[in-house]
Each structure stands twice: as structure tokens, then as C-alpha cells.
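K.L.:
Numbering (UniProt numbering), first residue to last: 1 to 190.
#1: Out of 51, 152, 119, point me to the one whose CA is closest to residue 63's CA.
#2: Hey, residue 93 and residue 41: beta-carbon distance below 9 Å or not?
#3: Since residue 166 and residue 116 are thought to touch, with beta carbons under 8 Å apart, how far apart are those beta carbons, to the nearest angstrom?
#4: Looking at the structure shown, is residue 100 part of a helix, part of a strand, or coil, going by DSSP?
#5: Using C-beta distances below 7 Å, list every residue in its chain close to residue 191, excluding the 5 sequence neighbours before and after it, in chain order.
#6: Looking at the structure shown, is residue 124 part of a helix, part of a strand, or coil, going by DSSP?
#7: Would you kindly work out how many angstroms separate the C-alpha atoms of residue 136 and residue 161, rounded to a whole number?
#8: CB residue 83 to CB residue 113, shorter than 9 Å?
#9: Go to residue 75, then tell me how far its alpha helix (DSSP H) extends in each direction, as first and last residue.
#10: Strictly by DSSP, which residues pair up with residue 136?
#11: Can you name, in chain order, every residue of its own chain whose Cβ lies under 8 Å from the Cβ of residue 186, other than the five neighbours on each side?
#12: By a C-beta neighbour count over all protein chains shown, 10 Å radius and 16 as the cutoff for buried, is residue 55 buried or exposed?
#13: For residue 76, which residues in the same chain have their Cβ closer than 8 Å to its Cβ, ignoring the five residues on either side in sequence?
#14: Across which residues does DSSP place residue 129 in a beta bridge pair?
#15: Could you tell me which uninterrupted beta strand (DSSP E) segments, each at least 3 residues in length, are contained entirely in the segment 30 to 73, listed from first to last along the chain?
#16: Would you call residue 7 buried or exposed, if buried means 16 or more other Cβ atoms sit within 10 Å of its Cβ?
#17: Give me the Cα-Cα distance between residue 100 and residue 181, rounded to the nearest whole angstrom.
#18: Along the alpha helix (DSSP H) that carries residue 24, what are the first and last residues, could you check?
#19: Taking the continuous alpha helix (DSSP H) assigned at residue 111, which residues delimit it?
#20: Quick one, which of 78, 36, 46 has its alpha-carbon nearest residue 58's?
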């Protein structure tokens, strides 16, 4: 950078993540080739604090970190996200694939990395089972098909019907027409 350029928040995120990655690799013997690791920051991510993409043709893993998560988490929690994504990078580099299976769980536990990261934004929609003795629920950030047409889908646990709640307004619906009605009624508040 030249004297006239300023460091951005994204520069800070990448710098801290790289430093932490070097520490994790050197202190724990994690076999990640840091020279085959790229870093990006997403200003758009709303659900995932991090992601790791594998570019098999180049043998490079790209760790993408969410700016909003960095702004909302304290550093120890965000460092956990970095370690989580490093485990994915390790799996990609060593095995050509990655998931959240046993191999991932073992390596994540060794690095004290969370298996899943806490949400850093509130969902726009909450799906809840209507069966009395079932407590299944799911959170959604986008108006996906199960949000727009809940009568076409079933509870993920008991197979019963569910309702969708627009989290901000509390308005609920169980059908596609109910979704349309809620959206029309809320208008600008949607």
C-alpha cells in the first residue's frame, strides 16, 4: 500500500485471520499449506460467518469471512470461525473434499473450533411445527419455497404441517395465499 491508501476493515479482517492461521498451523501442526490458501471478505453474507471454497484445478482453498460476523462477534468467537474454516481447508488440501463428518469433528475438536457457528443476524422468517408435541422449528433469511408455500412442505421431524412467521411483524401463514396476503398487508414493512 502507498502512503495515500488507507487500510480498510476488510484488510484488518484478512490480516488478523492470516496471523491467527499461522499461529494455529505452527502451534497445532495442522497440515495446511498456507501458500495455497486465499482469503476474501464478504460484505453480503448474512447467515454464514465463513465459508471455504475448493478450487481443485488450482489446488487452492479460499476462505471467505463475513464482515458482519466480524463486526458482531468478539475476537475469540471470530477466531473460532477462522479455525473452523481452516479445518475445511485442511480437508480439501488433504482429501479433495470436506464436510462436517467424523474427520472434521475430530480435527475441529483438536483445534477447539466450533462445529457450527452461531448466527450473527436474526432470521426474517421462523418455521414452526403445528403438531402439539413437536418442537421443530427452522430459521430462514430468505423467502425460499418452504417460506412462500408452507402447505407444500412438511415438518422436518414429525411430518406435520407448519406455519411461517415473519419475525419482525409476528404475522404468520400456512399457505401460499397466506404468504401473499402477509406480504401485501405489510407492504413497505415487509
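Backbone N, C-alpha and C define an ideal beta-carbon position, used for all residues, glycine too.
No experiment lies behind these values; they were computed from the predicted model shown.
P.N.:
Walking through what the data contain:
#1: Its Cα nearest to that of residue 63, the residue 51 stands out among 51, 152, 119.
#2: No.
#3: Incorrect: roughly 25 Å between the Cβ atoms, too far for contact.
#4: Under the three-state reduction of DSSP, residue 100 is assigned to coil, being neither helix nor strand.
#5: Lying outside 1 to 190, the shown extent of the chain, residue 191 is not represented and no answer is given.
#6: Coil, per DSSP.
#7: Going from the Cα of residue 136 to the Cα of residue 161 covers about 11 Å.
#8: Taking the C-beta atoms as reference points, residue 113 is found nearer than 9 Å to residue 83.
#9: For residue 75, the uninterrupted alpha helix (DSSP H) segment begins and ends at 75 to 95.
#10: For residue 136, DSSP records no beta bridge to any residue.
#11: Residues 166, 169, 171 of the same chain have their beta carbon placed closer than 8 Å to that of residue 186, with the five preceding and five following residues left out of the count.
#12: Burial call: exposed.
#13: Here residue 76 has no same chain residue with a Cβ atom under 8 Å from its own Cβ, once five neighbours each way along the sequence are excluded.
#14: BP columns for residue 129 point to 162.
#15: If we require 3 residues or more, the beta strand (DSSP E) runs fully inside the segment 30 to 73 come out as 37 to 42, 50 to 55, 60 to 66.
#16: For residue 7, the number of other beta carbons within 10 angstroms of its own is below 16, and it is reported as exposed.
#17: Each residue's alpha carbon lies about 39 Å from the other.
#18: Counting along the chain, the unbroken alpha helix (DSSP H) around residue 24 starts and ends at 9 to 28.
#19: Following the DSSP letters along the chain, one finds residue 111 in no alpha helix (DSSP H), marked with neither H nor E.
#20: Residue nearest to residue 58 within the set 78, 36, 46 is 36 (criterion: CA-CA distance).
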